[in-house]
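Take a look at the structure set out below.
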């Protein structure tokens, strides 16, 4: 697993599915719905802090057609965790590495639990 979370491609809609697509965006953790200013305000951080997380490769915001950074809810959760660690005195780069390792551990635990469930039902 690399250190950035890049949202996957979104399936295209058909005519008449505008409401359905909007509903999908509300539920999509990876939809880049938040501008840098909104994200910084929600998290109580500065835009400089968010740029530092990008430089450290923790989050890579998507860009709007005008070139502005856009953040997803998933990325905001990672940034909030980074802020917690930084507020506790952890350097930004170390905080980002900790978060990546936490994410990798959580994924490994999910895979292991699925394997165990499959093994038990196969007995």
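Numbering (the working numbering), first residue to last: -3 to 119. Glycine included, C-beta positions come from ideal geometry on N, C-alpha and C. Predicted model, so just to flag it, every value in this text is computed and none were measured.
Integer-rounded CB distance, given that residue j should sit under 8 Å from residue i
i	j	result
residue 88	residue 52	6 Å
residue 68	residue 102	That pair is no contact at about 18 Å.
residue 26	residue 70	6 Å
residue 95	residue 86	About 10 Å; that fails the 8 Å criterion.
Per-residue burial, residue i [other beta carbons within 10 Å of its own, 16 or more giving buried]
i	result
residue 107	exposed
residue 65	buried
residue 54	buried
Close Cβ partners of residue i (< 8 Å) along its chain, the five nearest in sequence each way excluded
i	result
residue 42	36
residue 33	43
residue 116	none
Under 7 Å between C-beta atoms of residue i and residue j
i	j	result
residue 39	residue 73	no
residue 91	residue 82	yes
beta-carbon residue i near the ligand GTP non-hydrogen atom, thresh 6 Å
i	result
residue 90	This structure lacks the ligand GTP; in fact it carries no ligand of any kind.
Beta-carbon proximity list for residue i, same chain, < 6 Å, skipping 5 on both sides
i	result
residue -3	Because the pLDDT of residue -3 is 41, which lies under 50, any placement of that residue in the model is unreliable, and the question is left without a value.
residue 120	Outside the shown range of the chain, which is -3 to 119, sits residue 120, and nothing can be said about it.
residue 60	66
Same chain, Cβ closer than 7 Å to residue i, five either side skipped, listed in chain order
i	result
residue 47	none
residue 111	none
residue 84	none
Cross-strand partners of residue i (DSSP beta bridge)
i	result
residue 66	31, 58
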